[in-house]
Ligand SMILES: *Cc1c(COP(=O)(O)O)cnc(C)c1O
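Residue numbers (our numbering): 216 to 584.
Here is the structure:
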């Protein structure tokens, strides 16, 4: 039996009729960009996240960039970003002309808030906590530091659709939050799309203008914005899929619990915490060292269990960020994790046989060692 890393069809097959109908409506009307479905999705997603506003954009990276630009963060400014995240978080900061200042992460893979204050300078304008793998960062200490130092907070919630911290949804804590609807995310479209959530009406209007060439009315451009509009077809798909998101996330939780029970004592399993409801975008375990990780990965691949590495190299060791002049050793926790992490398959509606096969294969790997 093959265990795929992710099988989107298990979510889509039961609702394909509903999705096709929604797409057909858009096609027959011919309003393909920022159509009614986009505004309807913005309203539903804002409500889902306990927020006042949501602004649909072209992808998750743009959602971060437009959030920074919406508060005029750019050249000469510094922004705190975790060293262990997907490339796009740091790239978005660079793309608006600001400088990413990296901070190491905690044992739960999220931003180490105790190391933020030592990294602040008089140029620091914002913090981007990343809710990595579907776990919301410990937001209270981060929000306290931001308030004390007059910094904006932008949540990178691209892996955390529906996750909660103290009963509140991801995307409702910062000045703004960025979500991606890349097909493989917990809520994915049929192409690229993203959204920004916020409670700030002035910022929401500003971001709406930025996504449409700085335009207030047709051919009236008050400033130079850019093109980052959400497609109507993507919103039509997302309107259908949003109704099932909580159910899909619950299904991921059940699989995660099964794996936790089976794998405890063999590898370091993801920690849970009573303050947070994770949505298990990825199920990441850790081994003792790199050699063990690589041979476990190879062993599982031979058993037809598809795994991934998220991420094999921290931001500061990527060539793209060599100009920041960090060194090997700058962020020891992130470096250790990049050597020892392994993402096992997790997605909604995994079969018990698939989950048992993962557990027994990991058991077999360690019993023959
Ligand atoms: C996916 C992702 C992004 C970027 O989203 P895109 O839609 O691919 O641009 C940013 N940050 C994190 C943590 C992500 O996982």
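Just so it is clear, CB atoms sit at the ideal spot from N, CA and C, and this is done for glycine as well.
### Task
Report the three-state DSSP secondary structure of residue 420 (helix, strand or coil).
helix
### residue 257 and residue 271 closer than 9 Å at C-beta
yes
### Query
Using a C-beta cutoff of 9 Å, does residue 393 count as contacting chain D?
Absent from the structure is chain D; it holds one protein chain and no more.
### Task
Confirm the yes/no value for this check: CB of residue 347, any heavy atom of ligand 1, distance under 8 Å.
yes
### Message
For a quick check, are the C-beta atoms of residue 372 and residue 385 less than 9 Å apart?
### Response
yes
### Segment limits, alpha helix (DSSP H) that includes residue 457
447-457
### Task
Examine the Cβ distances between the segment 474-481 and the segment 310-323 and report whether three or more of them are shorter than 8 Å.
no
### Task
Just the C-alpha distance for residue 455 and residue 409, rounded to the nearest angstrom, thanks.
16 Å
### Query
Excluding the five sequence neighbours on either side, which residues of its own chain have a C-beta within less than 8 Å of the C-beta of residue 519, listed in chain order?
216, 217 and 218
### Message
Quick check: residue 583 and residue 496, are their CB atoms within less than 9 Å of each other?
### Response
no
### Message
For residue 459 and residue 470, what's the separation of their Cα atoms in angstroms?
### Response
17 Å
### Task
Just the C-alpha distance for residue 547 and residue 420, rounded to the nearest angstrom, thanks.
41 Å
### Task
Give the range of the beta strand (DSSP E) segment to which residue 371 is assigned.
367-371
### Task
Pick out the complete alpha helix (DSSP H) segments inside the segment 277-327, 4 residues or longer, and give them in chain order.
302-310
### Query
Going straight from the alpha carbon of residue 412 to that of residue 253, what length do you get?
14 Å
### Task
Could you tell me if residue 544 is buried or exposed, where buried requires 16 or more neighbouring beta carbons within 10 angstroms of its beta carbon?
When all chains shown are included, residue 544 counts as exposed.
### Message
Just checking residue 369 against ligand 1 - is the residue's beta carbon closer than 8 Å to any of the ligand's heavy atoms?
### Response
no
#### Entry: Buried or exposed by the 16-neighbour rule on C-beta atoms within 10 Å, applied to residue 426
Burial of residue 426 is indicated by the presence of at least 16 other C-beta atoms within 10 angstroms of its C-beta.
### Task
Can you tell me the Cβ-Cβ gap for residue 587 and residue 248, rounded? I've got them flagged as a contact below 8 Å.
Summary: the structure shown does not reach residue 587, with the chain confined to residues 216 through 584, and so no result is reported for it.
### Query
What do you get for residue 588, buried or exposed, if any count of 16 or more other CB atoms within 10 angstroms of its CB means buried?
With the chain covering only 216 through 584, there is no way to say anything about residue 588.
### Task
Specify the secondary structure class of residue 478 as computed by DSSP and reduced to three states.
DSSP places residue 478 in helix when its eight states are reduced to three.
### residue 494, DSSP secondary structure in three states
In the three-state DSSP reduction, residue 494 falls in the coil class, being neither helix nor strand.
### residue 441 to residue 415 span [Cα, whole Å]
21 Å
### Task
For residue 290, collect the residues of the same chain with a Cβ closer than 6 Å to its Cβ; drop the 5 residues on either side in sequence, then sort them by chain order.
312
### Query
What do you reckon, are the CB atoms on residue 464 and residue 435 nearer than 9 Å?
no
### Query
Quick one: Cα of residue 255 to Cα of residue 266, how far?
For residue 255 and residue 266, the distance between alpha carbons rounds to 15 Å.
### Query
How far does the beta strand (DSSP E) with residue 556 in it reach, from first residue to last?
556-559
### Query
Do residue 277 and residue 307 have their C-beta atoms closer together than 9 Å?
When the beta-carbon positions are compared, residue 277 and residue 307 come within less than 9 Å of each other.
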